[in-house]
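Undergrad:
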Amino acid sequence: MACFRNDRRGGLTGKKAIGLIFLVIGVMLMFFIVSQGTTIYRESREGADQKGLSSVRCVSFIYTISDITPAGDELQFEFRNEISSTEDVHNLTVASPGSTWTGSVSIPVGTSQSLRVPVRAASNFTVYPDNCALFPALCSIGGDCTHH
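The sequence shown begins at 292 in this note's numbering and counts up by one.
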């Protein structure tokens, strides 16, 4: 029991006890920081992989939108899936600041379809196929569409 003596010759003194407490707190803090960093890294890596796969798939859609006409609470336009596109369009999303519509369509490569969707757009709206919101077409009423 000589190691627990409280004298100045090597026992557990106040300074050593405080040092031991700080060491334990430091190890716990280090463990917490490493575990949080690992979690953040994994989550960001999964998100980047998912966005990367989505980007690769979405760039295969090449389309044009023309003849944009508002019709009351609806929007009418011509959607053309260009011949240089590599995938058929199965779903289409049209979004304006006031409303959003997602619907099932069937527009094979190289064909066009006149669409009438229940979206009220005052000036601008976006259109994107098959959940490819990363690359929408920004369209204006009575104007053209630009791809982002």
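Yeah, the Cβ is synthetic: ideal placement off N, Cα and C, and Gly gets one too.
Model, not experiment: these values are computed from the prediction.
Taking 8 Å as the threshold, find out whether the stretch 321–338 comes into contact with the stretch 365–382 through three or more Cβ pairs.
TA: no
Undergrad: If the criterion is Cβ atoms closer than 8 Å, does the pair residue 397 and residue 377 meet it?
TA: As a position in the sequence shown, residue 397 is number 106, starting the count at 1. As a position in the sequence shown, residue 377 is number 86, starting the count at 1. Contact flag unset, no.
Undergrad: So, helix, strand or coil for residue 425, using DSSP?
TA: Against the sequence shown, residue 425 aligns to sequence position 134. In this structure, residue 425 counts as coil in the three-state DSSP scheme.
Undergrad: If we ignore side chains and look at the alpha-carbon of each, how far apart do residue 432 and residue 329 end up?
TA: Within the sequence shown, the letter at position 141 stands for residue 432. Within the sequence shown, the letter at position 38 stands for residue 329. Going by the C-alpha atoms only, they are around 48 Å apart.
Undergrad: For residue 363, tell me which candidate among 408, 437, 415 and 314 has the shortest Cα-Cα distance.
TA: In the sequence shown, counting from the first residue as 1, residue 363 sits at position 72. Closest by alpha carbon: 408.
Undergrad: Is the beta carbon of residue 424 sitting closer than 8 Å to the one on residue 356?
TA: Along the sequence shown, read from residue 1 onward, the residue named residue 424 stands at position 133. Along the sequence shown, read from residue 1 onward, the residue named residue 356 stands at position 65. Against a cut-off of 8 Å, the Cβ pair of residue 356 and residue 424 comes out as no contact.
Undergrad: Near residue 358, what residues of its chain come up, given a Cβ to Cβ distance below 7 Å and the 5 sequence neighbours on each side ignored?
TA: The residue given as residue 358 occupies position 67 in the sequence shown. Cβ neighbours of residue 358 beyond the five flanking positions: 368 and 369.
Undergrad: Starting from the Cα of residue 403, find the closest Cα among 327, 332 and 374 and give me that residue.
TA: For this step, residue 403 is matched to residue 112 along the sequence shown. For the residues 327, 332 and 374, the minimum Cα distance to residue 403 belongs to 374.
Undergrad: Look at residue 410 and residue 385 and say whether their C-beta atoms are less than 8 Å apart.
TA: In the sequence shown, the residue the question calls residue 410 occupies position 119. In the sequence shown, the residue the question calls residue 385 occupies position 94. In contact: residue 410 and residue 385 (Cβ atoms closer than 8 Å).
Undergrad: Tell me whether residue 438 sits in a helix, a strand or coil according to DSSP, three-state version.
TA: Numbered from its first residue, the sequence shown carries residue 438 at position 147. In the structure shown, residue 438 sits in a strand (DSSP, three-state: E or B).
Undergrad: Below 7 Å CB to CB, which residues in the same chain sit around residue 390 once its five sequence neighbours on both sides are set aside?
TA: Working through the sequence shown from its first residue, we reach residue 390 at position 99. Same-chain partners within the cutoff: 410 and 411.
Undergrad: Going straight from the alpha carbon of residue 311 to that of residue 321, what length do you get?
TA: Along the sequence shown, read from residue 1 onward, the residue named residue 311 stands at position 20. Along the sequence shown, read from residue 1 onward, the residue named residue 321 stands at position 30. Using only the alpha carbons, I get a separation of about 15 Å.
Undergrad: Which runs of the beta strand (DSSP E) spanning at least 3 residues fall entirely within the stretch 343–395, listed in chain order?
TA: 354–362, 365–372 and 380–386
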